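Data block below; observations after.
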Amino acid sequence: MTTKLLLLPGDGIGPETMAEVEKLVALLNEASDAGFEMETALVGGSAYDDCGKPVSDATMDLAMQADAILFGAVGGAKWDGVAYELRPEAGLLRLRKDMELFANLRPAICYPALAGSSSLKREVIEGLDILIVRELTGGVYFGEPKEIIDLGNGQKRAVDTQVYETYEIERIARAAFDLARARRGKVTSMEKRNVMKSGLYWTEVVTRIHRDEYADMQLEHMLADSGGMQLVRAPKQFDVIVTDNLFGDMLSDIAAMLTGSLGMLPSASLGAVDAKTGKRRALYEPVHGSAPDIAGQGIANPLAMIASLAMCLRYSFAMTAEAEALESAIAEGLDAGIRTVDIMRDGCRQVGTAGMGDAVRDS
Ligand code: NAI
Ligand code: MG
Numbered sequence: 001m002t003t004k005l006l007l008l009p010g011d012g013i014g015p016e017t018m019a020e021v022e023k024l025v026a027l028l029n030e031a032s033d034a035g036f037e038m039e040t041a042l043v044g045g046s047a048y049d050d051c052g053k054p055v056s057d058a059t060m061d062l063a064m065q066a067d068a069i070l071f072g073a074v075g076g077a078k079w080d081g082v083a084y085e086l087r088p089e090a091g092l093l094r095l096r097k098d099m100e101l102f103a104n105l106r107p108a109i110c111y112p113a114l115a116g117s118s119s120l121k122r123e124v125i126e127g128l129d130i131l132i133v134r135e136l137t138g139g140v141y142f143g144e145p146k147e148i149i150d151l152g153n154g155q156k157r158a159v160d161t162q163v164y165e166t167y168e169i170e171r172i173a174r175a176a177f178d179l180a181r182a183r184r185g186k187v188t189s190m191e192k193r194n195v196m197k198s199g200l201y202w203t204e205v206v207t208r209i210h211r212d213e214y215a216d217m218q219l220e221h222m223l224a225d226s227g228g229m230q231l232v233r234a235p236k237q238f239d240v241i242v243t244d245n246l247f248g249d250m251l252s253d254i255a256a257m258l259t260g261s262l263g264m265l266p267s268a269s270l271g272a273v274d275a276k277t278g279k280r281r282a283l284y285e286p287v288h289g290s291a292p293d294i295a296g297q298g299i300a301n302p303l304a305m306i307a308s309l310a311m312c313l314r315y316s317f318a319m320t321a322e323a324e325a326l327e328s329a330i331a332e333g334l335d336a337g338i339r340t341v342d343i344m345r346d347g348c349r350q351v352g353t354a355g356m357g358d359a360v361r362d363s
């Protein structure tokens, strides 16, 4: 059986970091019977230059047929003048929307070798391993009405609407509990039930899903603002945090900064299980963007892209041993003092993108 991996390197440093992932997949194919078949397509600005759209219909077909997608990054000043709905980021938004990727997973892991590089005390973050599960396709970013109304008296009214329906909360709650089951069995749900109806209802639904389907696990509720404080004060108290689109956007960026560089952080976006194939749609990508300031120099840190591959092995293919081996290889490279420039420290050896990829493959 072959497994189809669609590679969408994108713009800027995307292709540079994806090249290291391609080498690792080739190595996995040699070392196991994984049988990954890689296909590469354009997305973002490079797709716009090629066909006038940030993702072509042909690429969307490939995406729908793939077993998993690895996505680099999109965007750059070159496309600043492009119409809003054709800008590079619209390619990623279309993939998320059409594939219904409703669960965004952002792990915050602190590698021992980097524990001293955050502004936080070592003991606060050493050994940190938490997972933020953000609802990605609903909430205030998409709710209608969404408009700016001219009130005619020199005043305008800007309106965004937070909307959550039962099924949206149910499926993100189940995703969080399923993920926690394979971890330390604890879910913290964050919202603002004290001031928002959607927060009140969110709490009600998450509580019911816990009671009816996951009663053996631990559930705790926290107001999202207080949760933000706790994330910075004592992040190791958490295992899985589940939250809505807006709070998740902010809380996952806060969590990211606990761990050091943007060049280290992977993410996964998971969708519904396809009724025909029985497979869960999934896209894996680094948290960082296309880093135009360093693109083309061969110095980008490929570890976020490589850690995204590890997430792909774990969540799309249940290749837990291979995922762990890859994550250990990242940690070992860092322990050995090998660094790209963004995480460089005194006494370490500086390498480029390919050098860091080599270090992971050699571990
Ligand atoms: P960015 O993440 O591309 O870069 C921010 C800073 O971090 C830069 O100084 C960059 O050099 C550095 N950096 C990022 N990734 C790195 C890596 N792997 N290794 C070493 N250094 C790294 O964010 P920025 O500058 O705000 O956006 C640049 C472009 O990327 C924009 O067009 C933006 O719209 C796009 N973008 C795309 C995303 C995506 O494709 N999912 C996400 C975020 C931004
Ligand atoms: Mg954000």
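The sequence shown begins at 1 in UniProt numbering and counts up by one.
No residue lacks a Cβ here, since even glycine has one placed at the ideal position from N, Cα and C.
Predicted, not measured: the structure shown is a model, and the values here were computed from it.
Check your understanding: Can you give, in chain order, each stretch of the alpha helix (DSSP H) that sits fully within the segment 82–130 and has at least 4 residues?
Key -> Taken in chain order, the complete alpha helix (DSSP H) segments of 4 or more residues contained in the segment 82–130 are 88–98, 122–125.
Check your understanding: Is T137 near the ligand NAI, in the sense that its beta carbon is under 7 Å from a heavy atom of that ligand?
Key -> Along the sequence shown, one-based indexing puts residue 137 at 137. At a cut-off of 7 Å, the beta-carbon of T137 does not count as near the ligand NAI: no heavy atom of the ligand is closer than that.
Review point. How many Å lie between W202 and G347 at the Cα?
Key: As a first step, residue 202 is located in the sequence shown; it is residue number 202 there, counting from the start. As a first step, residue 347 is located in the sequence shown; it is residue number 347 there, counting from the start. Their backbone Cα atoms lie some 49 Å apart in a straight line.
Check your understanding: Name the DSSP bridge partner or partners of T340?
Key -> The count along the sequence shown starts at 1 and reaches residue 340 at position 340. Answer by DSSP bridge pairing: none, since T340 is not bridged.
Review point. For the ligand NAI, is there a heavy atom less than 7 Å away from the beta-carbon of A291?
Key: Reading the sequence shown from its first residue, position 291 is the one you call residue 291. A distance criterion of 7 Å places the beta-carbon of A291 in contact range of the ligand NAI, judged by its closest non-hydrogen atom.
Check your understanding: Under the criterion of a Cβ to heavy atom distance below 7 Å, does A329 qualify as lining the ligand NAI?
Key -> Mapped onto the sequence shown, residue 329 falls at position 329. Not a single heavy atom of the ligand NAI lies less than 7 Å from the C-beta of A329.
Exercise for review: Give the range of the alpha helix (DSSP H) segment to which A272 is assigned.
Suggested key: Numbered from its first residue, the sequence shown carries residue 272 at position 272. Annotation for A272: no alpha helix (DSSP H) segment contains it, though the beta strand (DSSP E) segment containing it runs 266–273.
Review point. Does DSSP put H210 in a helix, in a strand, or in coil?
Key: Numbered from 1 along the sequence shown, position 210 holds the residue referred to as residue 210. DSSP, reduced to helix, strand and coil, places H210 within a helical segment of the structure shown.
Exercise for review: Return yes when the Cβ of A359 is within less than 8 Å of the Cβ of G333, no when it is not.
Suggested key: If you number the sequence shown from 1, residue 333 lands on position 333. If you number the sequence shown from 1, residue 359 lands on position 359. In this structure, G333 lies near A359, with their beta-carbon atoms less than 8 Å apart.
Review point. Just reading off the beta strand (DSSP E) that A158 is part of, what are its end residues?
Key: As a first step, residue 158 must be located in the sequence shown, where it is residue number 158. Run containing A158: 156–159, per the beta strand (DSSP E) assignment.
Review point. Are the beta-carbon atoms of V140 and Q162 separated by less than 8 Å?
Key: In the sequence shown, counting from the first residue as 1, residue 140 sits at position 140. In the sequence shown, counting from the first residue as 1, residue 162 sits at position 162. Contact flag set, yes.
Check your understanding: For I306, which of helix, strand or coil comes out of DSSP?
Key -> Working through the sequence shown from its first residue, we reach residue 306 at position 306. The answer is helix: DSSP assigns I306 an H, G or I state.
Check your understanding: When DSSP builds the beta bridges, which residues end up paired with V187?
Key -> For the purposes of this step, residue 187 is identified with residue 187 of the sequence shown, where counting begins at 1. DSSP output for V187 lists L219, V240 as bridge partner(s).
Check your understanding: Name the DSSP bridge partner or partners of V133?
Key -> Position 133 of the sequence shown, counted from the start, is the residue given in the question as residue 133. DSSP lists L105, V242 as partners of V133.
**Study point:** Inter-stretch contact (C-beta, 8 Å, three-pair minimum) for the segment 270–278 and the segment 288–295
**Key:** The count of Cβ pairs closer than 8 Å, one atom from the segment 270–278 and one from the segment 288–295, stays below three, leaving the stretches out of contact.
**Study point:** Pair within 8 Å by beta-carbon distance, G75 and G45
**Key:** Here residue 75 refers to the residue found at position 75 of the sequence shown. Here residue 45 refers to the residue found at position 45 of the sequence shown. Yes; because the gap between Cβ atoms is below 8 Å, this pair is in contact.
Review point. Leaving out five residues before and five after M217 in sequence, what residues of the same chain have Cβ atoms less than 8 Å from its Cβ?
Key: Numbered from 1 along the sequence shown, position 217 holds the residue referred to as residue 217. Answer for M217: F177, A180, R181, G185, K186, V187, H210, listed in chain order.
Point to revise | Whole-angstrom C-beta distance between I254 and V232, which should lie under 8 Å | key: Indexing the sequence shown from 1 puts residue 232 at position 232. Indexing the sequence shown from 1 puts residue 254 at position 254. Contact flag correct, Cβ pair sits at about 7 Å.
Review point. Taking Cβ positions, are L28 and E213 nearer each other than 8 Å?
Key: Locating residue 28 in the sequence shown gives position 28, where the first residue counts as 1. Locating residue 213 in the sequence shown gives position 213, where the first residue counts as 1. Not a contact, by the Cβ cut-off of 8 Å.
Point to revise | T137 to I172 span [Cα, whole Å] | key: Stepping through the sequence shown from its first residue, residue 137 is reached at position 137. Stepping through the sequence shown from its first residue, residue 172 is reached at position 172. Going from the Cα of T137 to the Cα of I172 covers about 10 Å.
Practice item. Could you tell me if M344 is buried or exposed, where buried requires 16 or more neighbouring beta carbons within 10 angstroms of its beta carbon? Key: Position 344 of the sequence shown, counted from the first residue, corresponds to residue 344. Exposed: under 16 other Cβ atoms inside 10 Å.
Practice item. Report whether the distance from the Cβ of L262 to the nearest heavy atom of the ligand NAI is below 7 Å. Key: Start at 1 with the first residue of the sequence shown, and residue 262 comes out as number 262. Yes, the beta carbon of L262 sits closer than 7 Å to at least one heavy atom of the ligand NAI.
Check your understanding: Between the segment 303–317 and the segment 81–93, do at least 3 Cβ pairs fall closer than 8 Å?
Key -> Because the criterion of three Cβ pairs below 8 Å is not met, the segment 303–317 and the segment 81–93 do not touch.
Review point. For the ligand NAI, is there a heavy atom less than 7 Å away from the beta-carbon of N104?
Key: If you number the sequence shown from 1, residue 104 lands on position 104. No, the beta carbon of N104 sits no closer than 7 Å to any heavy atom of the ligand NAI.
Check your understanding: Between L70 and V124, which are expected to be in contact by the criterion C-beta below 8 Å, what is the C-beta distance as a whole number of angstroms?
Key -> Counted from its first residue, the sequence shown places residue 70 at position 70. Counted from its first residue, the sequence shown places residue 124 at position 124. That pair is no contact at about 32 Å.
Practice item. Would you check whether the ligand NAI has a heavy atom nearer than 7 Å to the C-beta of I172? Key: By 1-based counting over the sequence shown, the position of residue 172 is 172. No, since every heavy atom of the ligand NAI falls outside the 7 Å radius drawn around the Cβ of I172.
Review point. Does the beta-carbon of I294 have 16 or more other beta-carbons within 10 angstroms, so that it is buried, or is it exposed?
Key: Numbered from 1 along the sequence shown, position 294 holds the residue referred to as residue 294. Classification of I294: buried, given that the 10 Å Cβ count is 16 or more.
Exercise for review: Evaluate the contact criterion for the segment 55–70 versus the segment 255–267: three or more CB pairs, one atom per stretch, below 8 Å.
Suggested key: Using a Cβ-Cβ distance cut-off of 8 Å, the segment 55–70 and the segment 255–267 are not in contact, since fewer than three pairs of beta carbons, one from each stretch, lie closer than that value.
Exercise for review: Give the secondary structure of P286 by DSSP, where H, G and I count as helix, E and B as strand, and everything else as coil.
Suggested key: The sequence position of residue 286 within the sequence shown is 286, counting from 1. Residue state, collapsed to three classes: strand.
Exercise for review: Go ahead and pull the three-state DSSP assignment for P292.
Suggested key: Taking the first residue of the sequence shown as 1, we reach residue 292 at position 292. P292: coil per DSSP, three-state reduction.
Exercise for review: Determine the direct distance from the alpha carbon of E170 to that of V205, and round the result to whole angstroms.
Suggested key: Counting from 1 along the sequence shown, the entry for residue 205 is found at position 205. Counting from 1 along the sequence shown, the entry for residue 170 is found at position 170. Distance between the alpha carbons of V205 and E170: 7 Å.
Point to revise | Outcome for V195 when other beta-carbon atoms lying within 10 angstroms are tallied against a minimum of 16 | key: Translated into the one-based positions of the sequence shown, residue 195 becomes position 195. Answer is exposed; the Cβ neighbour count stays below 16.
Review point. Around the C-beta of N153, are 16 or more other C-beta atoms found within 10 angstroms, so that it is buried, or is it exposed?
Key: Reading the sequence shown from its first residue, position 153 is the one you call residue 153. Around the beta-carbon of N153, fewer than 16 other beta-carbon atoms lie within 10 Å, marking it exposed.
**Study point:** Buried or exposed by the 16-neighbour rule on C-beta atoms within 10 Å, applied to K97
**Key:** Your numbering for residue 97 matches position 97 in the sequence shown. With fewer than 16 other Cβ atoms within 10 Å, it is exposed.
Check your understanding: Quick one: does the C-beta of H210 sit closer than 7 Å to a heavy atom of the ligand NAI?
Key -> The residue you call residue 210 lines up with position 210 of the sequence shown. The ligand NAI has no heavy atom closer than 7 Å to the beta-carbon of H210.
Point to revise | Any non-hydrogen atom of the ligand NAI within 7 Å of T355 CB | key: As a first step, residue 355 must be located in the sequence shown, where it is residue number 355. Note on residue identity: the sequence assigns Gly, not Thr, to residue 355. Exclusion of G355 from the 7 Å shell around the ligand NAI follows from its C-beta lying no nearer than that to any non-hydrogen atom of the ligand.
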